[in-house]
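The sequence shown runs 1 to 246 under the working numbering. Working notes for the structure below.
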Amino acid sequence: MACELFDKWLAHYDPIHRGWTVRGIANGVSAMNGWGVPRVAGGYNLFRGAGSADAIDFTSPVGAAGRDAAGISNFAWRPHAVSTRYYYAVKSIGGGGVESDGSLPARVAEFDGAGGLIGLRPNAPTGLAVRATAGGAFALRWLYGSRLEAAAPSAFRVYHDAGTGTVDYNTLVASVPYVRGRAHFVYASAGFAHGLRRVWAVRAVTDEGVEDGNVVTAFGWADATAPPVHPSVRASSVEAGEGMEP
């Protein structure tokens with residue numbers, strides 16, 4: 001029991017290292033040689049991970065802010081790498097240095113190859129399906145859910161492979177407007193030659209032109225043939241009363 005209580009105490013104070021750890025510095029414990037938490041009004045700790053929300057490291061804060069702060073930033077010595085997507089989360093801190101169990105929903109910050117910040121992305125469409133229709137055309141259907149989206153889309157961009165087998169995301173085929181509150185969306189293509197295979201993709205895009213970046217595809221073969229003609233048709237008339245209703 002004594003060991004358990006000591007471990008809990010060390011989770012908020014740090015006399016062994018005199019507070020000179022990442023968490024101790026973030027919460028000011030180092031200012032009291034590890035024996036106290038000067039943030040008596042509480043505050044917030046910022047955490048992050050690269051690649052996915054599951055990669056967030058909640059053992060090492062990358063930023064801190066006081067109770068009345070309207071925002072929180074990463075420490076200057078914790079910069080961002082190029083061509084990387086970071087997932088950030090915030091936990092609140094009580095006056096005694098105790099950190100909340102849960103955190104605010106993760107938010108994304110993504111940087112391009114030049115280190116420039118890419119705008120917030122919308123959620124990716126789900127359930128993409130392709131069906132061949134009359135005249136060699138295709139009917140595409142997909143779903144969009146807005147839950148926990150970082151940014152709302154303004155439209156969906158439709159792409160296909162142009163017969164190469166690899167979707168060309170640099171050539172826009174069509175744009176389908178996004179309607180807030182609607183879950184199902186459809187697109188009907190023009191006709192293609194019979195038997196031609198097309199690989200399709202759909203991406204959500206914001207007003208700023210930021211796509212969700214998904215690489216999910218669906219394919220189908222165009223059907224431009226008419227239904228087969230029946231080889232023979234025979235018709236005969238039946239007088240009323242001969243086993244038929246008039």
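Just so it is clear, CB atoms sit at the ideal spot from N, CA and C, and this is done for glycine as well.
- When the Cα atoms are used, V108 and V82 turn out to be separated by approximately 14 Å.
- Following the DSSP letters along the chain, one finds F58 in no beta strand (DSSP E), marked with neither H nor E.
- Between the stretch 134 to 149 and the stretch 193 to 213, the count of Cβ pairs shorter than 8 Å is three or higher; the stretches touch.
- For the stretch 142 to 215, the full-length beta strand (DSSP E) segments reaching 3 residues or more read 155 to 160, 174 to 177, 184 to 188, 197 to 205 along the chain.
- Of all C-beta pairs linking the stretch 154 to 162 to the stretch 172 to 179, three or more are shorter than 8 Å, placing the two stretches in contact.
- Distance between V215 and W142, taken at the CA atoms: about 14 Å.
- For W20, DSSP assigns no beta-bridge partner whatsoever.
- The criterion of a C-beta distance shorter than 7 Å is satisfied by R121 and A150.
- In the three-state reduction of the DSSP assignment, V98 falls in the coil class, being assigned neither a helical nor a strand state.
- Here E211 has R203, V205 as same chain residues with Cβ atoms under 6 Å from its own Cβ, once five neighbours each way along the sequence are excluded.
- A distance below 8 Å between beta-carbons, with the five flanking residues on each side excluded, links L128 to the following residues of its chain, in chain order: L140, R141, W142, W200, A201, V202, V216, T217, A218.
- Cα atoms of P61 and S103: separation of roughly 13 Å, rounded to the nearest angstrom.
- Separation of the CB atoms of G49 and D57 is rounded to 6 Å, and the pair is thereby assigned contact status at 8 Å.
- Ranked by how close their Cα comes to the Cα of W35, the residues Y44, G24, A41, N45 have G24 in first place.
- Within a 10 Å sphere around the beta-carbon of S52 sit fewer than 16 other beta-carbons, which makes this residue exposed.
- The Cβ atoms of N45 and A64 sit closer than 7 Å to each other.
- Of the candidates P125, P105, S100, Y87, Y87 places its Cα closest to the Cα of F111.
- In the same chain as S73, and ignoring 5 residues on each side of it, the C-beta atoms closer than 7 Å to its own belong to G63, in chain order.
- If you draw a 10 Å sphere on the C-beta of Y144, you find 16 or more other C-beta atoms in it, and that means buried.
- For Y13, no beta strand (DSSP E) encloses it, and the DSSP letter there is neither H nor E.
- Here H160 is buried. Its C-beta has 16 or more other C-beta atoms within 10 Å.
- Annotation: the continuous beta strand (DSSP E) that includes V108 extends over 107 to 111.
- A direct Cα-to-Cα measurement between N123 and V130 gives close to 20 Å.
- When secondary structure is reduced to three states using DSSP, G71 falls in the coil class, being assigned neither helix nor strand.
- In this chain, the beta strand (DSSP E) harbouring V130 covers 126 to 132.
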